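Novice: Dropping a structure here in structure tokens format, bear with me for questions.
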Amino acid sequence: MKTLLVGYKAADLFERGKHGKKFTAKWIDGDVLCHTLDIYHRHAIEKTHHIRAVCSPHLPEGPWDLIKFKTGPKLMSGELSLDMLQEIHRLKPAKFELEFIGKERDRNELLSKIRDDPDRVRDFSAKWPASVPGGDKLMFTSYPGCFCHRRLDEGGLALAEVISRDLTSHPSSPIPHPSSPKLLDMGCGCGLVGFLVKSVVKDISLVMVDSHSRAVEAANLNATNFNMPAEVILADNGTPARMDGTFDVFAGNPPYYSDYRIAEVFLETAKRALKPGGLCYTVVKNDAGLRPVQERYFPNVEVIRRRGYCVLKSVKAQV
Ligand SMILES: C[S@@+](CC[C@H](N)C(=O)[O-])C[C@H]1O[C@@H](n2cnc3c(N)ncnc32)[C@H](O)[C@@H]1O
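Just so you know, our numbering puts 137 at position 154 of the sequence shown, and the rest follows in order with no gaps.
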């Protein structure tokens, strides 16, 4: 019996009993795999649920005897739910169970979209334009699940504008190797910040990191479409150690839903990844909360206001 669990809270579907210190499957027998879109969730599931988990932008191929999908308006967007449902339909599991957290009416509406037109293959990707002064207009592609699917994030745009302005207006001073600087775009999403900066600073080389597999997929596609090479890494704990101390510029637009815990992961990475004299830029709506956090990693923090956001700029101390 092969079972696939799908959804951000899919691991909850794995009910088990605890016998002494050993966890055993109670309700699901056989081979159970939990799919995640975010590598952070994969690591959390492996730690707390002790089941096999895989992180990928699309569901793993079967055959599956059973697919269980947990969703609802509070768990994922309607578009992502439908996208996942379409993938499940394509995999043709022998049995399918939906646990919908929400109203019965919404559950039926979601299911009817697949049942009413089972052979229709919907394309859920979106294209939208973005540019910074002095750069080309870029048509970004995003997918459901990516941060800011279908629209531009003003915070990310503000960050890209400040960085590209700084790098072009001070060609000789702020960057240790201005001829071919190296930028780390952490939490890159579909690559908004890095690609916009590269549209102005043509010789910059890009490394991008995101914990979401669909963000990585979109960033890779955008790199190809823009003809802008980028190394895109799926990770939730920063760049690999081989990259420590190799970057001239760090850009991060971290999520703030967990207080500043993820911002701290970003800043810890920035401190490790940057060369002495390298520049760290983060963006936030209001600097009051992030500023003291950033000061713990970089004692100097300059606040640059743009588009209703605060870009926090620091320089890594020379040793
Ligand atoms: C606010 S979005 C910014 C996306 C893009 N840079 C922009 O400005 O539009 C934050 C991104 O950080 C990613 N993220 C969250 N936790 C992360 C972690 N621990 N490591 C890497 N990326 C992470 C999310 O998947 C999301 O794509």
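Where is the CB? At the ideal position from N, CA and C, for every residue including glycine.
Please read all numbers here as calculations on a predicted model, not as lab measurements.
1) Give me the Cα-Cα distance between A300 and I34, rounded to the nearest whole angstrom.
2) Would you tell me roughly how many angstroms separate the C-alpha atoms of K254 and H41, rounded to the nearest one?
3) With DSSP as the reference, label S156 as helix, strand or coil.
4) What did DSSP end up calling V115 once you bin it into helix, strand or coil?
5) Between the Cα of R133 and the Cα atoms of A113, R290, R289, G117, which residue gives the shortest distance?
6) I'd like to know whether the C-beta atoms of V266 and L166 end up nearer to each other than 7 Å.
7) Touch check for the region 110 to 129 and the region 176 to 183: three-plus C-beta pairs under 8 Å?
8) Classify G3 as helix, strand or coil using the three-state DSSP reduction.
9) Taking only runs that begin and end inside the region 254 to 301, name each unbroken beta strand (DSSP E) of 3 or more residues, in chain order.
10) What does a CB cutoff of less than 7 Å around I28 pick up in its chain, not counting 5 residues either side in sequence?
11) Would you kindly work out how many angstroms separate the C-alpha atoms of L49 and A77, rounded to a whole number?
12) Tell me the rounded alpha-carbon separation between L74 and M211.
13) Can you tell which of G118, Y280, F107 has the C-alpha that lies nearest to the C-alpha of V183?
14) In three-state DSSP terms, what is I84?
15) Any heavy atom of ligand 1 closer than 6 Å to the CB of P127?
16) For D21, which three-state DSSP category applies?
17) When burial is assigned at 16 or more other CB atoms within 10 Å of the CB, is R244 buried or exposed?
18) Between the C-alpha atoms of S188 and L81, what's the straight-line distance to the nearest angstrom?
19) Could you work out which residue in F209, C38, K(-8), H32 is closest to R197 when comparing CA atoms only?
20) Just to confirm, is the Cβ distance from Y23 to S241 under 7 Å?
21) From the DSSP output, read off the bridge partner residues of I71.
22) For F209, verify whether its CB is less than 6 Å away from any heavy atom of ligand 1.
Specialist: Inspection of the coordinates gives the following:
1) 44 Å
2) 33 Å
3) Unreliable placement is indicated for S156, whose pLDDT of 49 sits below 50; no coordinate value is reported for it.
4) coil
5) A113
6) no
7) yes
8) Caution applies to G3, whose pLDDT of 41 falls short of 50 and renders its modelled position unreliable; the value that the coordinates give is listed next. G3 falls in the coil class under three-state DSSP.
9) 257 to 267, 285 to 289, 292 to 298
10) A(-6), C17, T19, I34, A36
11) 6 Å
12) 34 Å
13) G118
14) coil
15) no
16) strand
17) exposed
18) 44 Å
19) C38
20) no
21) Paired residue(s): none; I71 is not in a bridge.
22) no
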